[in-house]
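Right, one structure below, let's go through it.
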């Protein structure tokens with residue numbers, strides 16, 4: 001026969017129906033102590049703890065009236081129905097009514113004790129000792145097996161290495177816990193001196209923290225000569241040691257931070273101070289060096305040797321200018337001189353005489369030359385004329401057979417000058433012939 | 001304890017003085033000589049403070065009562081082994 005296979009949903013649905021069908025589970029009254037009530041929206045969630053046995057059940061109060069005060073540890077009577085949540089697989093009480101049946105017995109006692117100790121002034125601010133900022137020896141009173149001691153040590157050494165930690169191992173819950181805690185505080189006060197004591201433990205149920213609500217422990221902390229930090233549970237857990245201690249740490253980790261916080265910060269500060277000092281002194285030196293350089297430069301500029309150089313340069317410049325202006329003056333004077341010389345020479349009698357003489361000589365020369373030229377020309381002309389004359393000498397012509405006839409001392413050139421019987425003289429080259437004209441014929445032809 | 005307390009006072013004074021020195025060096029209204037003197041003092045103080053801060057070595061001691069006697073056990077080299085199992 002095959003076994004039936006269930007799905008989870010089938011099972012939870014089945015259980016839900018079973019629970020819902022059971023009339024005994026409807027509108028029941030339930031008595032217990034409220035554990036960790038939390039409000040989420042309009043709904044209140046908490047656990048109800050059995051007053052004698054270790055048993056709990058989850059409760060939810062929908063549309064909870066916020067005016068009702070439901071505190072952790074309150075003893076209450078609730079009216080509601082048991083329901084089974086098929087999605088979560090859990091039983092819950094759906095609360096319809098909640099009635100406070102008085103504070104938990106423990107809580108009442110605690111309140112009374114707190115009130116008594118407060119009246120005595122144990123929690124007064126004036127008794128608080130200052131927590132040393134730079135402790136080198138730290139005492140811890142807690143269980144060596146707890147999470148708290150690890151949290152404290154981890155925190156301390158992660159922040160600052162150079163401290164000594166003394167752990168006094170003790171129970172932190174149970175009947176002997178208060179005695180052992182007191183022993184630890186006593187030990188550090190009498191046997192092994194430390195600068196600050198951390199007393200604490202990790203979080204736990206309200207009753208787990210009861211050792212730290214113990215009157216003996218509270219009084220021991222009050223009597224401690226050494227400052228005490230209370231470090232119990234979580235932030236929302238308040239115990240009496242928190243009130244009596246010189247300082248309350250919200251958690252054991254926080255206690256670790258407190259005891260080395262300043263030293264850790266001091267290291268950072270020292271580092272920062274050193275850096276800032278170095279930066280400042282370097283800046284100072286640099287600016288002074290710059291200043292010095294500037295001064296040296298100015299000093300050099302104003303030193304005698306550079307003054308001499310500067311003066312020499314000035315002298316050079318001035319002498320140059322002087323020479324230039326002298327030269328200029330000289331030049332202009334010499335120009336004037338030249339002009340004057342020229343003008344003077346222009347009026348020099350000797351020079352004028354010489355010049356006149358030269359002029360005279362030149363004129364003489366020119367005259368001579370002109371005369372010579374004239375003479376030569378005339379001579380030449382004469383020669384020409386002479387030659388011409390020679391050429392025209394009638395005797396020469398006569399020699400060649402020609403003759404000249406003259407009549408009455410007149411040269412006969414035409415027949416018309418002659419008449420018959422005229423006496424004519426014919427000149428030949430070597431004498432004369434006297435003749436009488438027999439006839440005259442005109443024309444050349446014979 | 002007394003020595004430590006004095007050290008603490010010295011340390012805090014030294015830190016305070018150091019802060020003053022840093023501020024006056026940063027303000028820069030000092031002659032070079034003054035600045036160098038202050039700087040030397042500051043470095044000396046910061047060394048002193050460092051020495052004070054570092055004067056103690058890490059040390060973890062577990063004290064337990066065994067058979068009515070208090071026993072101190074140095075567990076520096078094996079802190080968590082010395083503390084036992086985590087709960």
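Chains as they are written, first to last, in UniProt numbering: chain A, 1 to 446; chain B, 1 to 87. Built from N, CA and C at the ideal position, the CB exists for glycine as well. Here the structure is a predicted model, which means the values were calculated and not measured.
Within-8 Å CB hit, residue i to chain A
i, result
"residue 54 (chain B)", "yes"
"residue 44 (chain B)", "no"
"residue 58 (chain B)", "yes"
"residue 50 (chain B)", "yes"
"residue 69 (chain B)", "no"
"residue 20 (chain B)", "no"
"residue 87 (chain B)", "Residue confidence is low: residue 87 (chain B) scores 41 on pLDDT, short of 50, so the model does not pin down where it sits. Its coordinate-derived value is still stated next. Yes, because at least one Cβ of chain A sits closer than 8 Å to the Cβ of residue 87 (chain B)."
"residue 3 (chain B)", "Legend: pLDDT at residue 3 (chain B) = 43, less than 50; position of this residue unreliable, no value from coordinates given."
"residue 84 (chain B)", "yes"
"residue 6 (chain B)", "Low per-residue confidence applies at residue 6 (chain B): pLDDT is 49, beneath 50, and the placement is therefore not dependable enough to give any value."
"residue 81 (chain B)", "no"
Residue-chain proximity (residue i, chain B), Cβ-Cβ < 8 Å
i, result
"residue 270 (chain A)", "yes"
"residue 451 (chain A)", "In the structure as shown, chain A begins at 1 and stops at 446. Residue 451 (chain A) is therefore absent and cannot be evaluated."
"residue 64 (chain A)", "no"
"residue 161 (chain A)", "yes"
"residue 173 (chain A)", "no"
"residue 266 (chain A)", "yes"
"residue 260 (chain A)", "no"
"residue 453 (chain A)", "Look at the range of chain A in this structure, 1 to 446, and you will see that residue 453 (chain A) is not part of it."
"residue 254 (chain A)", "no"
"residue 280 (chain A)", "yes"
"residue 277 (chain A)", "yes"
"residue 166 (chain A)", "yes"
"residue 220 (chain A)", "no"
"residue 246 (chain A)", "no"
"residue 229 (chain A)", "no"
"residue 237 (chain A)", "no"
"residue 189 (chain A)", "no"
"residue 208 (chain A)", "no"
"residue 293 (chain A)", "no"
Other residues of its chain near residue i: CB distance less than 6 Å, five sequence neighbours each side excluded
i, result
"residue 356 (chain A)", "none"
"residue 2 (chain B)", "Reliability of the predicted coordinates at residue 2 (chain B) is poor, the pLDDT of 40 falling under 50, and the value obtained from them is presented with this limitation in mind. Taken in chain order, the list of residues that qualify is empty."
"residue 252 (chain A)", "148, 151, 152, 200 and 231"
"residue 70 (chain A)", "34 and 37"
"residue 213 (chain A)", "110, 239 and 240"
Cβ-Cβ distance between residue i and residue j below 8 Å
i, j, result
"residue 83 (chain B)", "residue 53 (chain B)", "no"
"residue 156 (chain A)", "residue 163 (chain A)", "yes"
"residue 74 (chain A)", "residue 94 (chain A)", "no"
"residue 171 (chain A)", "residue 200 (chain A)", "no"
"residue 184 (chain A)", "residue 141 (chain A)", "yes"
"residue 473 (chain A)", "residue 247 (chain A)", "Residue 473 (chain A) lies beyond the stretch modelled for chain A, which goes from 1 to 446, so this question has no answer here."
"residue 260 (chain A)", "residue 159 (chain A)", "yes"
"residue 18 (chain B)", "residue 55 (chain B)", "no"
"residue 77 (chain A)", "residue 99 (chain A)", "yes"
"residue 435 (chain A)", "residue 424 (chain A)", "yes"
"residue 277 (chain A)", "residue 39 (chain B)", "yes"
"residue 188 (chain A)", "residue 256 (chain A)", "no"
"residue 403 (chain A)", "residue 427 (chain A)", "yes"
"residue 32 (chain A)", "residue 4 (chain A)", "no"
"residue 280 (chain A)", "residue 25 (chain B)", "yes"
"residue 289 (chain A)", "residue 49 (chain B)", "no"
"residue 19 (chain A)", "residue 25 (chain A)", "yes"
"residue 42 (chain B)", "residue 60 (chain B)", "no"
Residues near residue i in its chain [Cβ-Cβ closer than 7 Å; skip 5 each side]
i, result
"residue 438 (chain A)", "420"
"residue 85 (chain A)", "92"
"residue 70 (chain B)", "63"
"residue 146 (chain A)", "172, 201 and 202"
Chain-order list of residues whose beta-carbon lies under 8 Å from that of residue i (same chain, five-residue window excluded)
i, result
"residue 284 (chain A)", "none"
"residue 87 (chain B)", "The pLDDT assigned to residue 87 (chain B) is 41, lower than 50, so where the model puts this residue is not dependable, and the model offers no usable value."
"residue 128 (chain A)", "246 and 247"
"residue 193 (chain A)", "137 and 226"
"residue 258 (chain A)", "131, 229, 247 and 249"
"residue 144 (chain A)", "167 and 169"
"residue 306 (chain A)", "300"
"residue 43 (chain A)", "60, 61, 62, 63 and 64"
Cross-strand partners of residue i (DSSP beta bridge)
i, result
"residue 137 (chain A)", "A:164"
"residue 230 (chain A)", "A:199 and A:248"
"residue 407 (chain A)", "A:410"
"residue 432 (chain A)", "A:427"
"residue 95 (chain A)", "A:80"
Distance cut-off 7 Å: residue i Cβ against heavy atoms of the ligand PLP
i, result
"residue 36 (chain B)", "Ligands are entirely absent from the displayed structure, and the ligand PLP is therefore not among its contents."
> In chain order, which beta strand (DSSP E) runs of at least 3 residues are fully inside the region 15 to 90 of chain A?
Replying inline: The qualifying runs are 28 to 40, 43 to 49, 56 to 61 and 74 to 85.
Would you list, in sequence order, the uninterrupted beta strand (DSSP E) runs of no fewer than 3 residues that lie entirely inside the region 157 to 203 of chain A? DSSP assignment within the region 157 to 203 of chain A yields the following whole beta strand (DSSP E) runs of 3 residues or more, N-terminal first: 164 to 169 and 196 to 201.
What are the start and end residues of each continuous alpha helix (DSSP H) run of 4 or more residues lying completely inside the region 13 to 83 of chain B, in chain order? Listed in chain order, the complete alpha helix (DSSP H) runs (minimum 4 residues) inside the region 13 to 83 of chain B are 32 to 53 and 79 to 83.
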